[in-house]
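Comments concern the structure below.
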């Protein structure tokens, strides 16, 4: 039936009459969602971070025998290649960068002289005098830094092997026979 102006009319043939009731229902649903997340952080480190040394920062080298008040330094004498222990201070010759070069060996350079000069052993027959020399692929510039406990390390070169260690005698750095000497126990501290 169709209603027009209040009058009910019968449906015409082939006409479909529909009646629609529309009702609106509002449903409120409260849900508690508990999410457990596992965050996995993957840090890609440069090769120098592999053993705890970071080639983007500098370190100070002191010995157990002389203490933190004396640091490995470069003498500013015009040649700028001789090492000594000097009173610890904010001197760029005392700021050492330690860079992994492979096979467990590191290159040591200073902030003052830059990457162009590396800690080396003078090839003078005795081969026990540490100097700064032009950086190159020289076994005297490849240093092994071995932890020996209590925060100290032993420094040896590829050229001289583990039988000679960086040592201090009368405030002068040198390579000498490896032993249980406090001048061979190096503390390496970030600056």
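In UniProt numbering, the protein residues as written are 1 to 191. Glycine residues also receive a C-beta, built at the ideal position from the N, C-alpha and C atoms.
Count the other C-beta atoms from every protein chain shown that fall within 10 angstroms of the C-beta of residue i, then say buried if there are 16 or more, exposed otherwise.
{"i": "residue 77", "result": "exposed"}
{"i": "residue 57", "result": "exposed"}
{"i": "residue 33", "result": "Here residue 33 scores only 48 on pLDDT, less than 50, and its place in the model is too uncertain to base an answer on."}
{"i": "residue 172", "result": "exposed"}
{"i": "residue 167", "result": "buried"}
{"i": "residue 179", "result": "exposed"}
So residue i and residue j are supposed to be a Cβ contact under 8 angstroms. How far apart are they, rounded?
{"i": "residue 132", "j": "residue 170", "result": "Contact doesn't hold; Cβ gap of about 20 angstroms is too wide."}
{"i": "residue 140", "j": "residue 159", "result": "4 angstroms"}
So, residue i versus residue j, is the Cβ gap smaller than 8 angstroms?
{"i": "residue 105", "j": "residue 144", "result": "yes"}
{"i": "residue 128", "j": "residue 174", "result": "yes"}
{"i": "residue 74", "j": "residue 99", "result": "no"}
{"i": "residue 120", "j": "residue 138", "result": "yes"}
{"i": "residue 112", "j": "residue 92", "result": "yes"}
{"i": "residue 63", "j": "residue 182", "result": "yes"}
{"i": "residue 188", "j": "residue 153", "result": "yes"}
{"i": "residue 97", "j": "residue 55", "result": "yes"}
Quick check on this structure: which residue in the options has the alpha carbon closest to the alpha carbon of residue i?
{"i": "residue 190", "options": "64, 60 and 52", "result": "60"}
{"i": "residue 118", "options": "86, 70 and 142", "result": "142"}
{"i": "residue 84", "options": "107, 67, 115 and 130", "result": "130"}
{"i": "residue 95", "options": "134, 101 and 115", "result": "115"}
Looking at chain D, is there any beta carbon in it that lies within less than 8 angstroms of the beta carbon of residue i?
{"i": "residue 185", "result": "The chain labelled as chain D is not found in the depicted structure, where only one protein chain is given."}
Report the residue ranges of all beta strand (DSSP E) runs contained in full by the region 130 to 156; include only those spanning at least 3 residues, in chain order.
130 to 134 and 143 to 149
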